[in-house]
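Protein chains in written order, with full-length UniProt numbering: chain A, 1 to 345; chain B, 1 to 345.
Number of protein chains: 2
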Amino acid sequence: MMMEASFDTEESFDDPSCLAPQPPGAVSPAKRQIKEVKETKTTINCVTFPLPGEGPEQQLLKPNEWSYCDYFWTDRKDPQGTTSVAGFEVLLQKQLKGKQMQKEMAEFVHERIKIEEEYAKNLSKLSLSTLAAQEEGTLGEAWTQLKKSLHDEAEVHLKFSNKLHSEVEKPLLTFRGDNFKKDLKKYDHHIADLRKQLASRYASVEKARKALADRQKDLEVKTQQLEIKLSNKTEEDIKKARRKSTQAGDDLMRCVDLYNQTQSKWFEEMVTTSMELEKLEVDRIEWIQQHLRQYTTLRHETDMFNQSTVEPVDQLLQTVDPGKDRELWVKENKTGEVRPVDMDI
Amino acid sequence: MMMEASFDTEESFDDPSCLAPQPPGAVSPAKRQIKEVKETKTTINCVTFPLPGEGPEQQLLKPNEWSYCDYFWTDRKDPQGTTSVAGFEVLLQKQLKGKQMQKEMAEFVHERIKIEEEYAKNLSKLSLSTLAAQEEGTLGEAWTQLKKSLHDEAEVHLKFSNKLHSEVEKPLLTFRGDNFKKDLKKYDHHIADLRKQLASRYASVEKARKALADRQKDLEVKTQQLEIKLSNKTEEDIKKARRKSTQAGDDLMRCVDLYNQTQSKWFEEMVTTSMELEKLEVDRIEWIQQHLRQYTTLRHETDMFNQSTVEPVDQLLQTVDPGKDRELWVKENKTGEVRPVDMDI
């Protein structure tokens, strides 16, 4: 049974979907434990670890990858040292924080959108002002275009804010809906249940161990009694006690077996699940990176389009001509070009 | 006297500070009038003009220039036809309107400045927000830079608004202080006074013309009386009447002389002053053109500087690395890397 349990674990390691293949010739950690390690272990919160310095050195499951599956086996005592948090909980907290960060980034972008809308509103309002609307001629045309250019600028910033909404804010907001937190809860309960089962099976092991000890003591006593005075009655008792002691030994073996099966199951689930969380975090970072890049792309676009709003103004300013404007105005406003002459007597 | 008066006018034409030199061989309009034009003139509002179609054709003082000095000789009847506005007043109105336009453009720029300040205020406020401040690793750095870039953008827009104030709004506002309107009033009064003087001298001419007519009638009567019955007494009367008639003729000649002098003086002042106003308008248009160009230059600058605020964000976004971020986080948060092992009996 024990061997099988460790093989199970081994198999799950060799499953590439879940773990990188181990270096060739490497022996499953679990196997080694069984073969070599004896009485050099400790159990903390019902999980059994090799004692420091004892037993063979463990290789990381995924060396040089800082994989979640290699660093969260121990429970962490909280500052007060009263309760302790499972390593897996630390991974779940990281996921929840990541979700929160993504939500806050969307909020930030939303604020930026509001600022752009306000700016655009003010610009287009001003572009409609009638100030200096009566300026005439080529100068008047340049001025009119300058006022119009504010409307164009407003359009550019409005377009920016619309794209910010659809191409940055919304994706950041909708990436991983509420299902995400539900999924995390599932993981959480699944791993927590295995820990509870492990605890109860550890309790049975302790109970069985004590029962065996009692039986062995009883057998010892009866054997001593036999040496003192021979009687058939005692012979019977000893046979009976030896049977019970053997039975208690079998019980303990069975309990330890069940305990190790559960611990192997928990081990497998810890490895696969923590690696799923690891994948989720990579996705989150790449998703955010991609959409922050979209933000800077839109900013660049905005600056480019803004440039183009000024060009027609520049062109008309170049054609401003005081002589032409005088001609236009004089043609419209002249009172008379016949000059006075001297009076005769 | 008349010739002198017309010469005065002629000289003032040849004064280059006041007029472009006339085409070679051209004869002063004034001269021609004296030599050729007879009984072909009309006087409107005390100003004497040649009758349409009568007399030699007048050349423009500044051909092809649409110069103010060529097109505002007549007074303009207002729509109701009750009062009439001097051509010079039309030129003054144009100046006042130009001043108003320049003032309104400054106002417009001021409004733009306020919009930029508001935008900058909102951007830098948002850049200080703590949203997603706990994002970690390389992604956290990129995010922090993105938030900082809003502060840089705010700085760019603040710089824009400051330069708009000092390099566009202020020059437009301070160009031609209140002295300008005082100067216009001086011109106005100067020309108006000459018109008043012209009116009073025209009145004296009319009076003298009537006096001469009376005297001539009187002489005629007395001469007829002489033909009927001779008497020394009448001889005396006729001599006396002839003297008075001659005197009245001299009076009229003097009055016409003075009238023409005044009209020549007004003519000169009209030419020189209207050309000063023409120059002022050219200056105004070029001044405004120059400062609206400054506006577009500043707008271009702003777009350029804005571009540069995004670049550091782009760079940090390129270095975002989920693997690196996992390493950093795991190093700080790992609970334990020793894996559980099977329990022994």
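The beta carbon of each residue, even a glycine, is placed where N, CA and C say it ideally should be.
Query raised in the report: Among A/Leu146, A/Glu117 and A/Ile191, which has the Cα closest to the Cα of threonine 130 of chain A?
Result: A/Leu146
Report task. Could you tell me the distance, in whole angstroms, from the CA atom of aspartate 342 of chain A to the CA atom of arginine 293 of chain B? Result -> 49 angstroms
Report task. Return no unless some Cβ of chain A is closer than 9 angstroms to the Cβ of glycine 177 of chain B. Result -> no
Requested in this report: Measure the alpha-carbon distance for proline 50 of chain B versus leucine 328 of chain A and round it to whole angstroms.
Outcome: Cα to Cα, proline 50 of chain B sits roughly 27 angstroms from leucine 328 of chain A.
Query raised in the report: Any Cβ of chain B within less than 9 angstroms of the Cβ of phenylalanine 180 of chain A?
Result: no
**Report entry** Nearest candidate by alpha-carbon position, reference serine 200 of chain A, set A/Tyr259, A/Lys182, A/Leu219 and A/Lys77
**Finding:** A/Tyr259
Requested in this report: Mind checking which residues open and close the alpha helix (DSSP H) that includes lysine 147 of chain B?
Outcome: 137-164
Report task. Express the C-alpha separation of asparagine 333 of chain A and glutamine 95 of chain B in angstroms, rounding to a whole number. Result -> 13 angstroms
Report task. Count the other C-beta atoms from every protein chain shown that fall within 10 angstroms of the C-beta of leucine 317 of chain A, then say buried if there are 16 or more, exposed otherwise. Result -> By the neighbour-count criterion, in which a residue is buried when 16 or more other Cβ atoms sit within 10 angstroms of its Cβ, leucine 317 of chain A is buried.
Query raised in the report: DSSP puts residue 352 of chain A in a beta bridge; with which residues?
Result: Residue numbering for chain A in the displayed model covers 1 to 345; residue 352 of chain A lies beyond these limits and cannot be assessed.
**Report entry** Within chain B, partners of histidine 300 of chain A - CB distance below 8 angstroms
**Finding:** Gln307 and Val310
Query - the stretch 123-142 of chain A / the stretch 201-209 of chain A touching (three or more Cβ pairs under 8 angstroms) - result: no
**Report entry** Cut-off 7 angstroms between Cβ atoms - residues of its own chain near glutamine 102 of chain A, not counting five sequence neighbours on either side
**Finding:** Leu172, Phe175, Arg284 and Ile288
Requested in this report: Tell me whether leucine 49 of chain A sits in a helix, a strand or coil according to DSSP, three-state version.
Outcome: The residue you asked about is not leucine; residue 49 of chain A is phenylalanine in the sequence shown. The answer is strand: DSSP assigns phenylalanine 49 of chain A an E or B state.
Requested in this report: Just mark aspartate 325 of chain A as buried or exposed, buried being the case when its beta carbon has 16 or more other beta carbons within 10 Å.
Outcome: buried
**Report entry** arginine 339 of chain B versus asparagine 45 of chain A - alpha carbon distance
**Finding:** 14 angstroms
Query - CB of glycine 336 of chain A within 9 angstroms of CB of threonine 74 of chain B, strictly - result: yes
Requested in this report: Verify the CB distance criterion: does phenylalanine 49 of chain A have a CB-CB separation below 9 angstroms to chain B?
Outcome: yes
Query raised in the report: Taking the C-alpha atoms as reference points, what is the distance between proline 330 of chain A and tyrosine 68 of chain B?
Result: Note on identity: in this sequence residue 330 of chain A is valine, with proline being the wrong assignment. One C-alpha to the other measures close to 7 angstroms.
Report task. Take phenylalanine 88 of chain A and list the residues in its own chain whose beta-carbon comes closer than 6 angstroms to its own, dropping the five residues that flank it on each side. Result -> Closer than 6 angstroms at the Cβ level, and outside the excluded window around phenylalanine 88 of chain A, lie Ile191.
Query raised in the report: Is the Cβ of glutamine 95 of chain B closer than 9 angstroms to any Cβ of chain A?
Result: no
Query raised in the report: Alpha carbon to alpha carbon, how far is aspartate 152 of chain B from glycine 98 of chain A?
Result: 27 angstroms
Query raised in the report: Under a CB-based cut-off of 9 angstroms, is lysine 334 of chain B close to chain A?
Result: Yes, because at least one Cβ of chain A sits closer than 9 angstroms to the Cβ of lysine 334 of chain B.
Query raised in the report: Shortest alpha-carbon distance to valine 310 of chain B belongs to which of B/Gln290, B/Met253, B/Phe72 and B/Trp143?
Result: Scanning B/Gln290, B/Met253, B/Phe72 and B/Trp143 for the CA closest to the CA of valine 310 of chain B turns up B/Trp143.
Query raised in the report: Going straight from the alpha carbon of aspartate 344 of chain A to that of valine 256 of chain B, what length do you get?
Result: 7 angstroms
Query raised in the report: Terminal residues of the continuous alpha helix (DSSP H) containing lysine 182 of chain B?
Result: 179-228
Query raised in the report: Measuring CB to CB, does phenylalanine 108 of chain B end up less than 9 angstroms from alanine 132 of chain A?
Result: yes
Query raised in the report: Using a beta-carbon distance below 9 angstroms, is glycine 323 of chain A in contact with chain B?
Result: yes
Report task. Please compile the residues from chain A whose C-beta is within a distance smaller than 8 angstroms of the C-beta of tryptophan 329 of chain B. Result -> Lys94
Requested in this report: Find the residues of chain A that neighbour lysine 142 of chain B, judging by a C-beta separation of less than 7 angstroms, and give them in chain order.
Outcome: As written in the sequence, residue 142 of chain B is alanine, which differs from the lysine given in the question. Simply Leu292.
Query raised in the report: Leaving out five residues before and five after leucine 298 of chain B in sequence, what residues of the same chain have Cβ atoms less than 8 angstroms from its Cβ?
Result: Phe160, Lys163, Leu164, Glu167 and Val168
Query raised in the report: Between proline 312 of chain A and lysine 148 of chain A, what straight-line distance do the alpha-carbon atoms span, to the nearest angstrom?
Result: 10 angstroms
Query raised in the report: Does the Cβ of asparagine 306 of chain B have 16 or more other Cβ atoms within 10 Å, making it buried, or fewer, making it exposed?
Result: buried
Query raised in the report: Can you name, in chain order, every residue of its own chain whose Cβ lies under 8 angstroms from the Cβ of leucine 252 of chain A, other than the five neighbours on each side?
Result: For leucine 252 of chain A, same chain residues with a beta-carbon under 8 angstroms away, outside a window of 5 residues either side, are Val205, Ala208, Arg209, Ala211 and Leu212 in chain order.
Report task. Under 8 angstroms by Cβ, that's how I've got alanine 241 of chain A and leucine 219 of chain A pegged, so tell me the actual separation to the nearest angstrom. Result -> About 4 angstroms separates the two Cβ atoms, so the contact holds.
Requested in this report: Could you name the residues of chain A that phenylalanine 72 of chain B contacts, counting a contact when the two beta carbons are closer than 9 angstroms?
Outcome: Val330, Asn333, Lys334, Thr335, Gly336 and Glu337
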